[in-house]
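Those letters in the sequence shown? Residues 8 to 334, per our numbering, in order. For glycine and all other residues, C-beta sits at the position ideal for the given N, C-alpha and C. These figures come from a predicted structure and were not determined experimentally. Have a look at the structure below, then the notes.
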Amino acid sequence: MAPLEYLRPSDEGAAIALAEADGRACLLAGGTDVVGLLKDGVLAPSRLVDINALPIAGVEIRDGGLSIGALTRLSDVADHPAVRGRFPALAHAVLAAASPQLRNMATVGGSLLQRTRCGYFRDPVTPCNKRAPGTGCSAIDGEHRLHAILGGSDRCIAVHPSDPAVALLALDAVVRTRGSRKERAIPVDDLYLLPGSTPERETLLEHGELIVAVELPATSFAARSCYLKVRERASFEFALVSAAVALDVRGGVIRTARVALGGVAPRPWRARAAEAVLRGSRMTEATIAAAASAAVRDARPREQNAFKVELVRRVLTRVLATAGAGG
Ligand code: SF4
8 MAPLEYLRPS DEGAAIALAE ADGRACLLAG GTDVVGLLKD GVLAPSRLVD
58 INALPIAGVE IRDGGLSIGA LTRLSDVADH PAVRGRFPAL AHAVLAAASP
108 QLRNMATVGG SLLQRTRCGY FRDPVTPCNK RAPGTGCSAI DGEHRLHAIL
158 GGSDRCIAVH PSDPAVALLA LDAVVRTRGS RKERAIPVDD LYLLPGSTPE
208 RETLLEHGEL IVAVELPATS FAARSCYLKV RERASFEFAL VSAAVALDVR
258 GGVIRTARVA LGGVAPRPWR ARAAEAVLRG SRMTEATIAA AASAAVRDAR
308 PREQNAFKVE LVRRVLTRVL ATAGAGG
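Okay, structure coming up:
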C-alpha cells in the first residue's frame, strides 16, 4: 500500500478543509467498506481524513420526523424506538445489512456511499470503467449474474449495494451536506447518478463535501412501511433483489405509495410505474400483481441475470401484501 497521510480533525470545518485541499483525499467513517478498498488497492488516496471525532452522531426527533447524524452507527439506528415504531422499513433494512459486528461500526452516512460489489471493480487488474475510466467494462461480456437489470449503460451495469439507502429512498429521506462554500439538503431520490458515460461519478456530492445528517420527514406513509431482502444465504450477504414499500391506505384505498428496489440498478431504484398503479387503487391481489409487473416493465436483463425480473415481481408481491395487510 502506498504511504498516505492520516488526519483526525475534531470539527466539521477542519475536516472539510483538509479533504478539499487534497484532490486525492478520502473521508473515513466506519471504515467497513473503505478499509477493504484500501487494502485491495482499489482506492489509493494520498490523505485519509478520519471523521470519527466529529460531533455528528445520534438520533433526534425533530419537526415530527427524525434527524440521524451521519456518524450514527447502524446498530444504533436499528435499536432506536422511534425508528422501529415510525419508520419500520429503515429498521428492517438496517437489520438486513451486513453482520452485527459490521453494523456496530458502519455509519448511516457511509452506508449511503457504499461502493459496488462488482468483482471487477474490486480487482485492480481487470478493466473497469468505474475504477479506471475508459478501460472498459469487464462485466458486460463477463460475469454479470448479480448485475443491473434497470438503469445500466453500455459503460457500467454494476448495482448499488446498500440496504438502508433503499429504505431511505422509500421514506423520502433527505441528506444534509456541508462543504466549505455551501450547505445543501439533497433528497435521497436526487443524490445518486446513473452511470451513463461517466460511471465513476456516483453521486451529486462534490469532493470533500460531507454528509452531516440524514433526515426522515413525518409522512402519512412511513409507519406502514417495510423492507424485504432476498439473498443467496441467510445473513451477511448482499441483496439479489430487495424492496422497500411505504403506503398510506385509508378506507381501503391507497392514497400514497412509495416503492424502491435494491440489487437491480446502479442506484437505489424508485419504481414510479408501480407507485402509479397503486395510487388510488384498492389493495387487491390484482393491484399487487399489476404493480409488481409495472416495476420491471423497463427491465433490460442480460443473459445471466434474467432471473431478477421474476424475482422482483415475487419480492414486491410479498412486501406489498405485508405492508397492505390490515386494510
Ligand atoms: Fe466496472 Fe461497472 Fe463494469 Fe463492474 S459493471 S466492471 S463496476 S464498469
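Residue i classed as buried or exposed, judged by whether at least 16 other C-beta atoms fall within 10 angstroms
i: His214; result: exposed
i: Pro62; result: exposed
i: Arg188; result: exposed
i: Thr184; result: buried
i: Met8; result: exposed
i: Arg240; result: exposed
i: Pro171; result: buried
i: Val266; result: buried
i: Ser227; result: exposed
i: Lys46; result: exposed
i: Pro206; result: buried
i: Ala302; result: buried
i: Gly37; result: buried
Test item: CB-CB of residue i and residue j under 8 Å
i: Ser82; j: Ala104; result: no
i: Pro194; j: Val181; result: yes
i: Val252; j: Leu318; result: no
i: Phe94; j: Leu176; result: no
i: Arg325; j: Leu235; result: yes
i: Arg320; j: Ser288; result: no
i: Asp197; j: Leu211; result: yes
i: Leu102; j: Ala77; result: no
i: Leu157; j: Ala272; result: yes
i: Arg124; j: Phe245; result: yes
i: Arg138; j: Pro202; result: no
i: Gly258; j: Met290; result: no
i: Thr263; j: Arg286; result: yes
i: Tyr199; j: Glu209; result: yes
Other residues of its chain near residue i: CB distance less than 6 Å, five sequence neighbours each side excluded
i: Ser74; result: Glu67, Ala220, Glu222
i: Ser249; result: Val173, Lys236, Gly269, Gly270
Opening and closing residue of the alpha helix (DSSP H) in which residue i lies
i: Val84; result: 81–86
i: Gly116; result: 115–119
i: Ile295; result: 292–302
i: Glu216; result: It is not in any alpha helix (DSSP H) - Glu216 carries neither H nor E in the DSSP assignment.
i: Ala281; result: 279–285
i: Glu317; result: 314–331
i: Lys189; result: Element bounds for Lys189: n/a, residue is neither H nor E.
i: Leu97; result: 95–103
Nonlocal neighbours in the same chain, by C-beta distance under 8 Å from residue i, ignoring five residues either side
i: Leu14; result: Leu25, Arg54, Leu55, Val56, Asp57
i: Thr145; result: The sequence shown places Ser at residue 145, not Thr. These residues qualify, in order along the chain: Tyr127, Thr133, Pro134, Cys135.
i: Leu50; result: Cys33, Val41, Leu44
Residue range of the beta strand (DSSP E) that includes residue i
i: Ile68; result: 66–69
i: Gly269; result: 260–269
i: Asp337; result: Given a span of 8 to 334 for the chain in the structure shown, any question on residue 337 remains unanswerable.
i: Asp196; result: Note, Asp196: premise wrong, no beta strand (DSSP E); alpha helix (DSSP H) at 195–198.
i: Ile75; result: 72–76
i: Lys236; result: 232–237
i: Val252; result: 248–257
i: Leu34; result: 32–35
Close Cβ partners of residue i (< 7 Å) along its chain, the five nearest in sequence each way excluded
i: Gln121; result: Asp40, Pro168, Ser169
i: Ser106; result: Ser242, Phe243
i: Thr79; result: Ala64, Gly65, Val66, Thr114, Val115
i: Asp29; result: Ser53, Arg54
Any C-beta of chain D under 8 Å from that of residue i
i: Gly158; result: Included in the structure is just one protein chain, with no chain D present.
Closer than 7 Å: residue i CB and nearest ligand 3 heavy atom
i: Val101; result: Among the ligands present in this structure, namely ligand 1, ligand 3 is not found.
Query raised in the report: What does the shell around ligand 1 hold, if a residue joins when its beta-carbon is under 5 Å from any heavy atom?
Result: The set, ordered by position in the chain, is Cys125, Tyr127, Phe128, Cys135, Asn136, Lys137, Cys144, Ser145, Ala146, Cys163, Ile164, Ala165.
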